[in-house]
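Some notes on the structure that comes next.
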Amino acid sequence: MPDDPVFDDFFTPADEEHVKREKAKARDLRKSQWWKNQLGRGQCQYCRERVPPKELTMDHIVPIVRGGRTTRSNVVPCCKDCNNQKKYMLPIEWQEHLQRLADQSRNSR
Numbered sequence: 005m006p007d008d009p010v011f012d013d014f015f016t017p018a019d020e021e022h023v024k025r026e027k028a029k030a031r032d033l034r035k036s037q038w039w040k041n042q043l044g045r046g047q048c049q050y051c052r053e054r055v056p057p058k059e060l061t062m063d064h065i066v067p068i069v070r071g072g073r074t075t076r077s078n079v080v081p082c083c084k085d086c087n088n089q090k091k092y093m094l095p096i097e098w099q100e101h102l103q104r105l106a107d108q109s110r111n112s113r
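Each residue of the sequence shown is one higher than the last, beginning at 5 in the numbering used here.
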């Protein structure tokens, strides 16, 4: 859950039952041939780096704690670094975060 006071007014976590149910679905989906095929591509969905399949994690595009569901259309393989950075962000928030990082990198040159 976010500890950032900026999010306090905007972040309403999903109820515990939803989170439990979706995490159980994620465990099942990880065992599926479909997911194994996704991992087999060996690429992080976000940074596009080549990553050994065993090092890829399952990320919920719309996080479970934000009401997201465990469906094929809402999960992607990504590297641990990207998953840890993205945390509970929605796609638009994640894109803004990446843009800020890119801007900071350009400005520090």
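Positions of the beta carbon are idealized from the N, C-alpha and C atoms, including for glycine. Every value quoted in this text rests on a predicted model; they were computed, and no experiment measured them.
Output the distance between the C-alpha atoms of LYS84 and CYS51, rounded to the nearest integer angstrom. LYS84 and CYS51 have their C-alpha atoms roughly 11 angstroms apart.
Do VAL80 and ASP63 come within 9 angstroms of each other at the CB atom, strictly closer than that value? Yes.
Please report the distance separating the alpha-carbon of VAL10 from that of GLY71. Because the pLDDT of VAL10 is 48, which lies under 50, any placement of that residue in the model is unreliable, and the number read from its coordinates should be weighed accordingly. Each residue's alpha carbon lies about 19 angstroms from the other.
So if DSSP puts GLN47 in a beta bridge, which residue, or which two residues, is it bridged to? Beta-bridge pairing links GLN47 to ARG54.
Quick check: GLU21 and ARG73, are their CB atoms within less than 9 angstroms of each other? For the 9 angstroms CB-CB criterion, GLU21 and ARG73 do not form a contact.
How many angstroms separate the CA atom of PRO57 from the CA atom of GLN37? If you take the alpha carbons of PRO57 and GLN37, they lie about 13 angstroms apart.
Take GLY46 and list the residues in its own chain whose beta-carbon comes closer than 7 angstroms to its own, dropping the five residues that flank it on each side. Closer than 7 angstroms at Cβ, skipping near neighbours: ARG54, VAL55, PRO56 and PRO57.
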